[in-house]
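Enquirer: Counting with UniProt numbering, you get residues 1 to 171 for the letters of the sequence shown.
A virtual CB, placed ideally from N, CA and C, is assigned to each residue, including glycine.
Remember, it's a predicted structure, so these values are computed and weren't measured experimentally.
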Amino acid sequence: MPFEFEYMKIDDCKQTWQAIRDMNVRGAPAIAIAAALGLAVECGSQKGKLADAEAAKKYILEQLEYLKTSRPTAVNLFNDCARLAEFTKGLSGTADEVLAGYVAEAEKMLESDIADNKAIGKHGGEAVLAKAVGKSKVKVLTHCNTGSLATARYGTALGVIRHLHESGKLE
Numbered sequence: 001m002p003f004e005f006e007y008m009k010i011d012d013c014k015q016t017w018q019a020i021r022d023m024n025v026r027g028a029p030a031i032a033i034a035a036a037l038g039l040a041v042e043c044g045s046q047k048g049k050l051a052d053a054e055a056a057k058k059y060i061l062e063q064l065e066y067l068k069t070s071r072p073t074a075v076n077l078f079n080d081c082a083r084l085a086e087f088t089k090g091l092s093g094t095a096d097e098v099l100a101g102y103v104a105e106a107e108k109m110l111e112s113d114i115a116d117n118k119a120i121g122k123h124g125g126e127a128v129l130a131k132a133v134g135k136s137k138v139k140v141l142t143h144c145n146t147g148s149l150a151t152a153r154y155g156t157a158l159g160v161i162r163h164l165h166e167s168g169k170l171e
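1. When the Cα atoms are used, what is the spatial distance from E65 to Q15?
2. Should M109 be labelled buried (16 or more other beta-carbon atoms within 10 Å of its own) or exposed?
3. Using a 10 Å radius around the Cβ and a threshold of 16 neighbouring Cβ atoms, would you call E42 buried or exposed?
4. By the DSSP assignment, the alpha helix (DSSP H) with L77 in it spans what residues?
5. Per the DSSP calculation, L158 is bridged to which residue(s)?
6. Excluding five sequence neighbours on each side, which residues of the same chain lie with their C-beta closer than 6 Å to the C-beta of G101?
7. So which of E54, Y59, G27, I20 has the shortest CA-CA distance to S70?
8. Kindly list the residues whose CB is nearer than 6 Å to the CB of A40, restricted to its own chain and excluding five residues on each side of it in sequence; keep chain order.
9. Would you grab the beta carbon distance between residue 185 and L170 for me? Rounded to a whole angstrom, and I think it's under 8 Å.
10. Distance check for G121 and Y59, CA to CA, integer angstroms please.
11. State the Cα-Cα distance for the pair D22 and E86, rounded to the nearest angstrom.
12. If you count every other CB in all the chains shown that lies within 10 Å of the CB of D11, and 16 or more means buried, which is it?
13. With 16 as the cutoff for other CB atoms within 10 Å, does K135 come out buried or exposed?
14. Thinking C-alpha only, which one of F3, A55, Q18 is nearest V98?
15. Classify L129 as helix, strand or coil using the three-state DSSP reduction.
16. Report the rounded CA-to-CA distance for A51 versus C13, giving the unit in angstroms.
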């Protein structure tokens with residue numbers, strides 16, 4: 001950084017764990033989503049291999065616990081792993097249906113983060129403009145990467161700046 005952007009191919013929880021531990025993934029929201037989706041990828045490779053729903057749940061819960069050890073200080077990681085664990089405990093059906101249910105929830109988590117970030121950007125942008133009485137455009141300074149590299153895509157504080165730019169309100 002800042003001159004290159006690289007996608008890493010992640011095939012399983014071990015690679016996900018290592019990417020988080022090595023700080024290839026940065027930002028609390030991005031870490032949590034990487035963990036959730038890394039396990040989702042691994043769930044795809046487990047289809048047809050687990051005996052029943054209970055075995056699938058046990059497998060997912062163990063992997064969530066393992067992923068939490070990648071970054072013990074990442075609050076989002078712990079919160080989202082706990083939420084996904086509770087969700088997983090409530091799944092039923094065959095082993096493959098449990099795996100598919102987890103994958104769908106992890107993908108929903110990604111979509112939700114993007115939607116939340118866009119809402120933060122919109123409401124934050126409106127709040128900034130409301131404080132800038134008499135100005136049609138504003139200048140904004142931030143000092144932290146709270147953008148698309150730290151979240152699923154849009155950003156939180158940088159989402160505000162992005163929204164202002166998209167609205168033509170940023171100098």
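Expert: On the basis of the supplied data:
1. 15 Å
2. buried
3. buried
4. 75–89
5. Partner(s): none; L158 has no beta bridge.
6. L91
7. I20
8. V103, A106
9. Lying outside 1 to 171, the shown extent of the chain, residue 185 is not represented and no answer is given.
10. 37 Å
11. 28 Å
12. exposed
13. exposed
14. A55
15. helix
16. 20 Å
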